[in-house]
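Chains as they are written, first to last, in my numbering: chain A, 11 to 522; chain B, 11 to 522.
Even for Gly, the Cβ is constructed at its ideal location relative to N, Cα and C.
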């Protein structure tokens with residue numbers, strides 16, 4: 011196959027009477043000349059414009075025709091020979107390899123821009139994300155968007171210094187394949203933080219660093235559920251949980267929420283009534299998403315008892331417990347667990363910024379190998395550089411300082427938002443869950459249609475999330491309003507725009 | 011629930027005749043005093059040492075007993091009231107909440123270190139990764155370890171500068187929730203690179219940035235396979251493929267490899283014989299893992315024809331095609347595809363370093379929304395900072411320069427390794443796949459037991475991967491030897507140690 015082709019020139023003029031697959035070369039292109047020749051011939055062969063067994067021109071004749079030296083043509087032909095597109099018969103020339111399949115490609119399918127979908131193009135069912143925008147609340151950015159944070163006080167210089175420190179490091183631990191649990195110094199820093207700030211009982215070997223809390227949910231579904239299994243979910247609740255259940259082929263048992271959080275007794279009643287047994291429960295006990303209630307001590311103990319006696323698991327999604335404005339942060343459910351039944355999930359997306367893609371899980375010790383195995387199969391581990399920089403960010407005190415500063419900032423925004431809502435809507439609204447987190451939920455007198463309002467609000471650029479879209483069996487209407495990314499000076503206008511959107515939805519004729 | 015407790019002091023001395031759940035406070039602790047009191051009472055309540063309805067001491071009496079001021083005790087009790095552990099009856103005192111479940115916890119399960127596994131602790135089947143070391147070839151680091159790279163020539167200063175540039179940036183695109191496809195400038199830089207260096211046909215909107223190629227395989231199994239589906243896999247082949255198939259509940263159809271790569275005709279024959287239809291084929295056409303063959307043009311066209319006519323997909327894992335030592339890099343299979351049936355997978359783990367956790371897929375345009383949706387459900391997107399820095403690393407020419415330098419470095423290591431193997435083993439070995447990549451495969455005369463040799467080699471610290479562990483239905487023995495992380499001066503010793511391990515395996519009595 012690697013016979014050199016210098017020997018095989020003959021009858022150049024006759025060969026060139028056939029049209030060449032290459033019209034000419036572009037000397038100013040950044041693509042080398044040999045590559046232009048190679049590509050043209052390869053394409054012609056792949057598209058069967060040149061047929062198996064067909065003779066190629068001599069390198070000398072082709073070089074003359076193209077007005078280039080013979081060397082690039084020789085290199086191109088050698089590559090075609092090496093890769094098996096061509097074969098050379100000593101003394102008689104170079105030919106398109108006779109072993110190539112002869113079945114011709116139809117002319118219509120010769121371009122990627124219009125792929126020919128002659129045979130089925132099967133994909134598994136699942137959510138497809140289109141480029142065109144969905145409803146306003148699924149778009150990112152704009153007043154009331156959830157998941158936005160403020161970086162006004164983020165110590166960028168410190169962060170850049172820490173990141174650069176590890177980017178320059180020659181420590182192999184920073185560049186080699188990472189530990190499936192995550193970079194150990196980062197896990198140590200997290201464990202120290204979680205023990206003191208969140209009353210989580212853990213040591214670094216129980217911590218699994220994940221690429222954001224969505225990955226934690228995904229790993230939980232993979233390790234703790236099998237297709238057909240049932241999981242308790244809060245109703246209304248976080249959509250990300252439903253998504254991972256669907257993907258896993260598991261079913262959701264909706265359990266209603268009241269001002270003490272998840273109604274555990276009702277969950278057990280539904281289990282009996284529907285003759286099924288939940289394998290685990292997803293809960294947001296510190297600040298229920300979206301209603302904002304704090305799970306009461308009584309409910310917490312009931313839920314832990316359920317897990318302990320039924321042999322189930324409790325998933326505590328503690329997504330933004332660091333921000334609490336009236337009392338001390340509520341201690342974690344995990345810290346109350348005496349039967350190692352709670353999987354604790356936290357994220358840095360809210361307290362630092364979402365593009366970090368870093369979160370963490372605290373696992374019961376016996377689950378660690380299972381989650382480590384799943385993580386390794388899914389994507390090995392998160393990038394080490396960011397974990398290393400964050401470990402220092404935590405241990406050097408920058409994280410605690412940033413938390414203190416942003417807590418004041420968000421407290422101020424929250425106050426201004428509540429004041430603006432009160433001034434604009436007065437008694438016509440109930441505000442829920444404003445004591446913590448980066449969003450609050452508003453319910454309106456008369457329960458106007460929240461989806462229509464949110465759609466209308468979208469025309470003002472607002473990103474209000476309709477409560478009803480978070481419901482499964484419950485029916486409730488309202489709007490979830492994020493204020494993490496909403497500057498103080500923009501709050502009044504945003505609330506005025508919201509008012510307009512509501513007025514226009516309730517009395518559409520007034521707008522026409 | 012939020013009644014203040016200042017009013018409820020009475021009969022302090024009587025109450026304190028019962029043992030307190032708190033023996034004393036530690037004034038030197040970093041845990042605030044109120045927190046020490048709160049934690050002690052909460053624990054006593056959670057563990058049912060204090061029973062529902064039981065009266066708590068007055069704050070005044072408790073403060074006196076603990077020798078601290080009343081304020082921290084008041085704060086602690088207020089928090090206990092707010093969270094529902096306690097309730098206060100005006101005028102008569104503070105009590106453990108009567109709504110708490112009364113069922114006592116058994117004393118034996120009061121510690122995390124010995125969780126009581128009374129009820130089943132069910133997990134889904136899957137690989138569990140234990141902390142104890144597995145066989146030597148699964149451990150990381152040491153001569154012949156696969157997946158190690160050299161960073162001698164890595165431009166750390168440039169990299170640190172680029173990373174710091176974006177860590178300091180106030181551009182919101184760097185910190186907000188990322189695009190599910192990946193950071194656009196990085197996708198643009200990748201598309202430009204892939205078009206010129208790999209003959210991949212793509213524009214940036216077809217690229218999905220992933221957290222390493224394992225995630226690409228995982229997403230492929232999720233989007234293109236359903237449980238029970240069949241996938242062609244190379245035999246012998248990469249274990250990561252088998253892992254994602256198992257997780258997805260899909261089946262592998264092993265297809266043998268020869269020196270032209272995957273035997274497509276044999277694959278089709280096995281489909282007919284076993285009465286099944288593959289949904290897709292995983293292939294490593296540039297440098298088959300582990301045997302090293304380059305897929306011939308004829309086989310490539312056969313495989314593309316299979317995909318086009320049967321409505322299946324071809325997964326091209328182009329894991330280290332950048333390193334090719336004798337000819338130009340082989341063009342991608344994706345570039346030959348005229349029916350948009352190929353999913354191209356590449357990684358930066360080999361050409362930069364593994365801890366980056368960044369790879370990429372080039373998708374047929376109609377598959378993009380499906381993969382974007384799956385990515386969003388799995389973990390949203392990779393961290394933006396590293397992508398932004400890498401975009402500049404590519405467009406500013408550092409990547410091309412690093413590739414050139416490392417190609418020379420690895421060429422040298424490869425040459426030295428082949429020379430050492432030749433000198434040590436002579437005609438007793440066949441070396442396969444040494445023309446490309448960062449590893450080669452050695453087969454020994456007489457086919458000695460490769461697992462036993464690799465185990466023995468492990469006692470020398472060597473990480474030789476037994477070929478037989480990569481086989482499904484085929485039987486072949488040999489060792490896969492990585493040299494990416496093997497310094498030139500360590501090669502001779504490593505080969506001598508390998509020789510010793512082989513001698514000791516073949517004639518164990520000689521060692522005793």
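| Check | Outcome |
| --- | --- |
| Rounded to whole angstroms, what's the CA-CA distance from residue 341 (chain A) to residue 331 (chain A)? Just pull it up for me. | 9 Å |
| With 8 Å as the C-beta to C-beta threshold (strictly closer), list the residues of the segment 136–156 of chain A near chain B in chain order. | 136, 137, 138, 139, 140, 141, 150, 151 |
| Identify the contact partners of residue 407 (chain A) in chain B, using a Cβ-Cβ distance below 8 Å as the criterion. | What residue 407 (chain A) touches in chain B: nothing, since even the nearest Cβ is about 12 Å away. |
| Helix, strand or coil, according to DSSP, for residue 427 (chain A) in the structure here? | helix |
| Apart from the five residues on each side of it in sequence, which residues of its chain come closer than 6 Å, Cβ to Cβ, to residue 462 (chain B)? | 515 |
| Could you check which residue in B:486, B:100, B:175, B:162 has the C-alpha nearest to that of residue 181 (chain A)? | B:162 |
| In angstroms, rounded to a whole number, what distance separates the CA positions of residue 315 (chain B) and residue 426 (chain B)? | 41 Å |
| Is the CB-CB distance between residue 383 (chain B) and residue 138 (chain A) below 8 Å? | yes |
| Would residue 293 (chain B) be called buried (16 or more neighbouring beta carbons within 10 Å of its own) or exposed? | buried |
| Ordered along the chain, which non-local residues of its own chain (more than five positions away) have a Cβ less than 8 Å from that of residue 351 (chain B)? | 314, 317, 318, 322, 323, 324, 374 |
| Enumerated in chain order, which unbroken segments of the beta strand (DSSP E) with a length of 3 residues or greater are wholly contained in the segment 247–291 of chain B? | 261–268 |
| DSSP three-state label for residue 354 (chain A), please. | strand |
| My parser needs the alpha helix (DSSP H) runs of 4 or more residues fully inside the segment 438–498 of chain B; what are they? | 460–468 |
| Going by DSSP in three states, residue 98 (chain B) sits in which element: helix, strand or coil? | strand |
| Applying the criterion that 16 or more other CB atoms from any shown protein chain within 10 Å of the CB defines a buried residue, is residue 300 (chain B) buried or exposed? | buried |
| Excluding the five sequence neighbours on either side, which residues of its own chain have a C-beta within less than 6 Å of the C-beta of residue 60 (chain B), listed in chain order? | 54, 106 |
| Starting from the beta carbon of residue 105 (chain A), find every residue of chain B whose beta carbon is closer than 7 Å, and list them in chain order. | Residues of chain B passing the Cβ test: none, with the nearest at roughly 13 Å. |
| For residue 168 (chain A) versus residue 173 (chain B), is the C-beta spacing smaller than 8 Å? | no |
| Take residue 327 (chain B) as the anchor and find which of B:296, B:452, B:310 has the nearest alpha-carbon. | B:296 |
| Looking at the secondary structure, which residues open and close the alpha helix (DSSP H) in which residue 387 (chain B) lies? | 378–389 |
| Using a beta-carbon distance below 8 Å, is residue 449 (chain A) in contact with chain B? | no |
| What does DSSP give as the partner residue(s) for residue 218 (chain B) in the beta ladder? | B:371 |
| Could you tell me which of A:509, A:207, A:144 sits nearest to residue 345 (chain A), measuring between CA atoms? | A:207 |
| Which residues mark the beginning and the end of the alpha helix (DSSP H) in which residue 169 (chain B) is found? | 166–178 |
| Mind checking the segment 300–322 of chain A against chain B and listing, in chain order, the residues whose C-beta falls within less than 9 Å of any C-beta there? | 304, 305, 306, 307, 308, 309, 310, 311, 312, 314, 315, 317, 318, 319, 320, 321, 322 |
| With residue 196 (chain A) as the anchor, note down where its alpha helix (DSSP H) starts and where it stops. | 194–208 |
| Could you round the C-beta distance between residue 369 (chain A) and residue 355 (chain A) to whole angstroms and report it? I think they count as a contact, below 8 Å. | 7 Å |
| Closer than 9 Å by beta-carbon distance: list the chain A residues that pair up with residue 253 (chain B), in chain order. | 386, 387 |
| Between residue 473 (chain B) and residue 136 (chain A), what straight-line distance do the alpha-carbon atoms span, to the nearest angstrom? | 40 Å |
| Nearest to residue 347 (chain B) by CA position, among B:402, B:97, B:210, B:278, is which residue? | B:210 |
| Residue 73 (chain A) to residue 337 (chain B), Cα distance in whole Å? | 21 Å |
| State yes or no: is the beta carbon of residue 99 (chain B) nearer than 8 Å to at least one beta carbon in chain A? | no |
| In the DSSP assignment, find the unbroken alpha helix (DSSP H) run with residue 106 (chain A) in it and report its ends. | First-last for residue 106 (chain A): 103–106, but that is the beta strand (DSSP E), not the alpha helix (DSSP H). |
| Thinking C-alpha only, which one of B:268, B:358, B:416, B:310 is nearest residue 334 (chain B)? | B:416 |
| Distance cutoff 8 Å, beta carbons only. Does residue 52 (chain B) sit that close to anything in chain A? | yes |
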